[in-house]
Structure formats: C-alpha cells, structure tokens
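Have a look at the structure below before the remarks.
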Amino acid sequence: MPSPSETIQLSIALAYLMASAVTIVYMGSQRLLRETIKMKKRSGNQSEVMKTGDAMMMPLMGSVVLFSVYVVLRFVPREYFNSIVSFYLSIFGVFSLGSFVKTYTRPNVLTGCFCCVAGGLYYITGNWVVNNILATGIAVSAISSIHLGSFKSSFVLLLGLFFYDIFWVFGSDVMLMVASGVDGPIKMVFPRDIFGGCKSMSLLGLGDLIIPGFFIGQTLVFSSQYVKKGSLYFNVALTAYGLSLVNTMAVMVIFDHGQPALLFIVPWLLVSFSITAVIQGDYKAAWEYTSDAVTEPDNSSTDKVKSEEGDQRGTGDEMGLGDFLVKQMKGLFVWDGEEEEEEVCEGTKKND
Numbered sequence: 001m002p003s004p005s006e007t008i009q010l011s012i013a014l015a016y017l018m019a020s021a022v023t024i025v026y027m028g029s030q031r032l033l034r035e036t037i038k039m040k041k042r043s044g045n046q047s048e049v050m051k052t053g054d055a056m057m058m059p060l061m062g063s064v065v066l067f068s069v070y071v072v073l074r075f076v077p078r079e080y081f082n083s084i085v086s087f088y089l090s091i092f093g094v095f096s097l098g099s100f101v102k103t104y105t106r107p108n109v110l111t112g113c114f115c116c117v118a119g120g121l122y123y124i125t126g127n128w129v130v131n132n133i134l135a136t137g138i139a140v141s142a143i144s145s146i147h148l149g150s151f152k153s154s155f156v157l158l159l160g161l162f163f164y165d166i167f168w169v170f171g172s173d174v175m176l177m178v179a180s181g182v183d184g185p186i187k188m189v190f191p192r193d194i195f196g197g198c199k200s201m202s203l204l205g206l207g208d209l210i211i212p213g214f215f216i217g218q219t220l221v222f223s224s225q226y227v228k229k230g231s232l233y234f235n236v237a238l239t240a241y242g243l244s245l246v247n248t249m250a251v252m253v254i255f256d257h258g259q260p261a262l263l264f265i266v267p268w269l270l271v272s273f274s275i276t277a278v279i280q281g282d283y284k285a286a287w288e289y290t291s292d293a294v295t296e297p298d299n300s301s302t303d304k305v306k307s308e309e310g311d312q313r314g315t316g317d318e319m320g321l322g323d324f325l326v327k328q329m330k331g332l333f334v335w336d337g338e339e340e341e342e343e344v345c346e347g348t349k350k351n352d
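Going by our numbering, the sequence shown opens with residue 1, and the numbers climb by one from there.
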C-alpha cells in the first residue's frame with residue numbers, strides 16, 4: 001500500500017498530465033481554426049490533409065516504426081541511440097517551439113534565444129521541465145498543421161489506432177519499453193516523487209494528445225465554420241477528452257499498470273460526437289463534411305491568390321535542406337510581417 005505522501009504526489013502528477021493534455025489540445029485546436037480561416041482568406045490550399053487512405057495506413061506505419069525502435073533499443077547501447085535521437089528531437093523541438101511562440105508574440109532575438117536555449121538545455125540535462133516546454137511546442141504545432149479530410153478519415157484513424165494501442169500495450173512490452181526507453185520530448189512527464197528526488201516519472205505520450213487533437217480540432221472547425229454553431233462540438237469533444245483521461249488514469253491506478261490511453265479516449269470522443277450530431281440534426285452534415293468546404297478562398301481574393309501562387313510555385317519545391325534550415329532559424333529570430341500585413345488589410349476593410 002502506498003503511503004499518504006506517495007498517493008498525494010501521484011495525484012499531483014496525474015492531475016498535471018491531464019491538465020496539460022487538455023490545455024495543449026485546446027491551444028492546438030484554436031490555432032488550427034485560425035490557420036483554417038487564414039487559408040480561406042488567402043489560398044484555400046491546405047499544406048497537409050490526411051485522407052481516408054492515409055488514415056488507414058497510420059496503424060501499419062506506426063507499428064513498423066514502433067517495432068523498429070524496439071529492436072534498436074534491444075541491440076544497440078541505449079546511451080548511443082538516445083544521444084542521436086535526443087539531438088534530432090531537440091532541434092525539431094526548437095523549431096516547433098518557435099512556431100508555437102510565434103502564435104502569441106512576434107519572433108525576436110529574445111524568443112529565438114529562448115527556443116535555442118531550451119533545446120540546448122534539454123539535450124545536455126534532459127530536465128523534465130524543459131522536456132515539457134519542447135513537447136508542448138511539438139504537440140501544438142502538430143495539431144494545427146494537419147487537416148483531417150473528412151469525418152470518415154477521422155473515424156478510420158481513431159478506430160485503427162484504437163486497436164493499434166490495445167495490441168502493442170496488452171500484447172507485448174514493446175510500447176512501454178519504447179515510451180520509457182527513448183529520451184526525447186515525445187511525452188509529457190511529471191515526477192511521481194515531486195517532494196523527493198524526482199527520479200520516478202509519470203508520463204503521457206504525445207500520441208495520446210496529438211491523435212485526439214486532430215479530431216478535436218476538426219470538430220472546432222466543423223462547428224464554427226461549417227454548421228455555424230459556435231464551439232458546440234468542440235466543447236463536447238474537449239470535455240469528453242478530459243473525462244477519458246480521468247477514466248484512463250483511474251484504471252491505471254486501480255490495476256497499477258500502464259494503460260493504452262486510446263482505449264478510453266477513442267470511445268469517449270466518437271460516441272459523444274455522434275450523439276451530439278444526432279441530437280442537433282447534424283449527422284448528415286458531419287458525414288458529408290470535407291476540409292475543402294471550409295478552406296475554399298473568398299471569390300474576391302481568388303485571382304490575387306492564383307497570381308501569388310504562380311509566383312511562388314517555382315521556388316518552394318526547389319528548397320534544399322540547407323535552405324530549409326536557414327529559413328527555420330531565421331523564423332526563430334525575425335518577424336516576416338505576413339500576419340501583420342493581413343491584420344492591416346483586415347483593419348482597412350473594416351474602416352471602409
């Protein structure tokens with residue numbers, strides 16, 4: 001039996017993970033909505049759209065990657081493997097954090113240095129606080145960068161990963177070994193012994209934030225831009241997500257064993273959304289919904305957009321790795337002025 005102190009510390013850890021997950025999904029969804037509105041005004045071309053075929057392949061690709069990492073961890077010294085992986089994920093985390101920070105403030109020397117220092121500190125120390133900062137940037141950026149093509153794609157994705165999670169957690173030790181063995185900002189962590197040496201960690205993989213976040217973000221876009229019902233479906237989905245995490249943590253504590261979070265998250269999300277759609281009379285609208293329907297450009301800006309795309313088409317595809325890294329580094333420190341220009345245009349239209 002755990003002592004009262006251990007129970008309190010575990011409760012704090014689980015509460016932190018749940019609150020962080022809900023907050024990150026909320027921020028990612030709101031950013032996805034802003035990006036969707038921006039696409040509608042400017043181009044209507046989505047950078048990344050996950051179609052049903054892509055969703056069907058996700059469990060297979062995830063299984064291949066997961067098992068490959070598992071094999072590497074079994075036969076390659078963990079310190080060598082983690083040194084390489086941590087370096088890559090630290091750099092990726094720096095760029096993702098920069099993209100996240102850009103949502104709330106203009107990039108400048110201070111924000112750029114903050115992102116770079118966070119990445120460097122994590123690689124050198126592996127500190128759990130810095131890990132969570134980078135993981136937040138990665139998760140929010142991921143949620144806001146992927147559009148699910150339709151709710152058919154969403155259901156296929158969630159149901160496929162539902163069985164994927166069950167198999168790899170209950171069918172073997174692969175998932176737990178990879179999650180606990182890979183050092184990198186790919187999970188949210190919090191010490192079970194926060195009042196002690198912070199040696200034992202509770203964790204929640206970013207997949208349990210990002211995958212549900214894709215769907216929850218989609219419900220926000222659907223609710224506000226397609227059926228014009230404000231944040232109704234988003235509020236339902238986000239509440240269901242929070243309750244599913246409570247469900248997951250409760251079962252984990254009762255059985256004292258790590259649980260496949262998607263086993264609880266997926267039913268909560270799909271059932272709550274379906275029931276709400278039926279009650280609101282929007283089930284047919286949800287079935288017919290596509291992401292293209294909410295990102296088609298305004299007619300007044302179509303010609304201008306086509307002209308801009310024609311000017312930029314030749315340069316984007318030819319960007320090499322070096323140019324890409326330079327552009328990303330520049331984005332950490334320099335304000336490109338695109339958002340400011342859009343705000344000025346919007347203000348001018350309102351004044352007219």
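Glycine included, C-beta positions come from ideal geometry on N, C-alpha and C.
1) Any contact between the region 116-131 and the region 29-38? By contact I mean 3 or more CB pairs, one from each, below 8 Å.
2) Once DSSP output is grouped into helix, strand and coil, what is the label at Phe195?
3) Can you say whether Glu35 is buried or exposed, counting buried as having 16 or more other CB atoms within 10 angstroms of its CB?
4) Compute the distance between the beta-carbons of Ile143 and Met50, then report whether it is under 9 Å.
5) On a Cα-Cα basis, can you pick out the residue from Gly258, Val251, Leu238 and Ile12 that is closest to Val169?
6) Determine the burial state of Ala87: buried for a count of at least 16 other Cβ atoms within 10 Å of its Cβ, exposed for fewer.
7) Compute the distance between the beta-carbons of Ser154 and Tyr122, then report whether it is under 9 Å.
8) Identify, in the order they occur along the chain, each residue of the same chain with its Cβ nearer than 6 Å to the Cβ of Met188, setting aside the five sequence neighbours on each side.
9) Tell me the residue span of the beta strand (DSSP E) that contains Ser202.
10) Give the range of the alpha helix (DSSP H) segment to which Pro267 is assigned.
11) DSSP state of Thr290, grouped into three classes?
12) If we ignore side chains and look at the alpha-carbon of each, how far apart do Thr111 and Phe333 end up?
13) Below 8 Å, can you find three or more Cβ-Cβ pairs linking the region 235-251 to the region 210-217?
14) What does the alpha-carbon distance come out to for the pair Lys40 and Tyr80?
15) Buried or exposed, going by whether 16 or more other CB atoms sit within 10 Å of the CB of Ser24?
16) On the CB-based measure, 16 or more other CB atoms within 10 Å of its CB, does Ser96 come out buried or exposed?
17) Just checking my contact of Tyr356 with Pro59 at CB under 8 Å: how many whole Å lie between their CB atoms?
18) Just to confirm my understanding: we take Ile84, look at its own chain, exclude 5 residues before and 5 after, and list those with CB closer than 6 Å. What are they?
19) Let me check one thing: in DSSP terms, what residues is Met57 bridge-paired to?
20) Return the chain-ordered list of same chain residues with a C-beta closer than 6 Å to the C-beta of Ala354, the five sequence neighbours on each side being excluded.
21) Does the beta-carbon of Leu238 have 16 or more other beta-carbons within 10 angstroms, so that it is buried, or is it exposed?
22) Using CA atoms only, rank isn't needed, just tell me which of Gly197, Lys330 and Gly207 is closest to Ile265.
23) Do you know offhand how far Phe195's Cα is from Gln218's?
24) Going by DSSP, name the residue or residues bridged to His354.
25) Evaluate Pro107 with the Cβ neighbour count: other Cβ atoms within 10 Å of its Cβ, from every protein chain shown; 16 or more gives buried, anything less gives exposed.
26) Spatial neighbours of Pro185 within its chain, please: CB distance less than 7 Å, with the 5 preceding and 5 following residues excluded, ordered by chain position.
27) Quick one: give me the first and last residue of the alpha helix (DSSP H) that Tyr123 is part of.
28) Once DSSP output is grouped into helix, strand and coil, what is the label at Val69?
29) Ser63: which of Ser11, Val156, Ile8 and Gly160 sits nearest, CA to CA?
30) Could you check what DSSP says for Val189 in three-state terms: helix, strand or coil?
31) Going along the chain, which residues of its own chain have a beta-carbon closer than 7 Å to the beta-carbon of Val221, five neighbours each way excluded?
Result, derived from the coordinates:
1) No, the region 116-131 is not in contact with the region 29-38.
2) Here residue 195 refers to the residue found at position 195 of the sequence shown. When secondary structure is reduced to three states using DSSP, Phe195 falls in the coil class, being assigned neither helix nor strand.
3) For this step, residue 35 is matched to residue 35 along the sequence shown. Around the C-beta of Glu35, 16 or more other C-beta atoms lie within 10 Å, and the residue is accordingly described as buried.
4) In the sequence shown, counting from the first residue as 1, residue 143 sits at position 143. In the sequence shown, counting from the first residue as 1, residue 50 sits at position 50. If you check the CB distance, Ile143 and Met50 do not come in under 9 Å.
5) Along the sequence shown, read from residue 1 onward, the residue named residue 169 stands at position 169. Answer by Cα proximity: Gly258.
6) Taking the first residue of the sequence shown as position 1, residue 87 is located at position 87. Checking the sequence shown, residue 87 turns out to be Phe, not Ala. Classification of Phe87: exposed, given that the 10 Å Cβ count is below 16.
7) Looking up residue 154 in the sequence shown gives position 154. Looking up residue 122 in the sequence shown gives position 122. Contact: no.
8) By 1-based counting over the sequence shown, the position of residue 188 is 188. These residues qualify, in order along the chain: Leu17, Ser20, Asn132, Ala135 and Leu204.
9) Indexing the sequence shown from 1 puts residue 202 at position 202. Per DSSP, the unbroken beta strand (DSSP E) holding Ser202 starts and ends at Met201 to Gly205.
10) Residue numbering aside, residue 267 sits at position 267 when the sequence shown is read from its first letter. Boundaries of the alpha helix (DSSP H) around Pro267: Ala261 to Gln280.
11) Here residue 290 refers to the residue found at position 290 when the sequence shown is read from its first residue. Residue state, collapsed to three classes: strand.
12) If you number the sequence shown from 1, residue 111 lands on position 111. If you number the sequence shown from 1, residue 333 lands on position 333. One alpha carbon belongs to Thr111, the other to Phe333, and they sit about 7 Å apart.
13) Three or more pairs of CB atoms, one per stretch, sit closer than 8 Å, so the region 235-251 contacts the region 210-217.
14) Taking the sequence shown and counting its residues from 1, the one referred to as residue 40 is at position 40. Taking the sequence shown and counting its residues from 1, the one referred to as residue 80 is at position 80. If you draw a straight line from the Cα of Lys40 to the Cα of Tyr80, it comes to about 46 Å.
15) By 1-based counting over the sequence shown, the position of residue 24 is 24. Per the sequence shown, residue 24 should be read as Ile rather than Ser. By the neighbour-count definition (other C-beta atoms within 10 Å, threshold 16), Ile24 is a buried residue.
16) Working through the sequence shown from its first residue, we reach residue 96 at position 96. Buried: at least 16 other Cβ atoms inside 10 Å.
17) Coverage of the chain is limited to positions 1 through 352, which leaves residue 356 absent and any answer about it impossible.
18) Locating residue 84 in the sequence shown gives position 84, counting from the first residue. Its chain contains no residue whose beta carbon lies nearer than 6 Å to that of Ile84 once the 5 sequence neighbours on both sides are disregarded.
19) As a working note, residue 57 is residue 57 in the sequence shown. According to DSSP, which records beta bridges pairwise, Met57 is partnered with nothing at all.
20) No answer is possible for residue 354: it lies beyond the span of the chain, which begins at 1 and ends at 352.
21) Position 238 of the sequence shown holds residue 238. Only buried fits Leu238, as 16 or more other CB atoms lie within 10 angstroms of its CB.
22) Residue 265 sits at position 265 when you count from the first residue of the sequence shown. Nearest of Gly197, Lys330 and Gly207 to Ile265, Cα basis: Gly207.
23) In the sequence shown, counting from the first residue as 1, residue 195 sits at position 195. In the sequence shown, counting from the first residue as 1, residue 218 sits at position 218. If I take the Cα positions, the gap works out to 39 Å.
24) Only positions 1 to 352 of the chain appear in the structure, and residue 354 is not among them; the question remains open.
25) As a first step, residue 107 must be located in the sequence shown, where it is residue number 107. When all chains shown are included, Pro107 counts as buried.
26) Counting from 1 along the sequence shown, the entry for residue 185 is found at position 185. Excluding sequence neighbours, Pro185 sits near Leu89, Gly93, Tyr122, Asn131, Leu134, Ala135 and Ile138.
27) As a position in the sequence shown, residue 123 is number 123, starting the count at 1. According to the DSSP assignment, Tyr123 belongs to the alpha helix (DSSP H) that extends over Val109 to Thr125.
28) Within the sequence shown, numbered from 1, the residue matching residue 69 stands at position 69. Here Val69 sits in helix by DSSP.
29) Numbered from its first residue, the sequence shown carries residue 63 at position 63. When the alpha-carbon of Ser63 is set against those of Ser11, Val156, Ile8 and Gly160, the nearest one is in Gly160.
30) In the sequence shown, residue 189 corresponds to position 189, counting from 1. Looking at Val189 - three-state DSSP - the assignment turns out to be strand.
31) In the sequence shown, counting from the first residue as 1, residue 221 sits at position 221. Leu32, Leu33, Thr36 and Val294.
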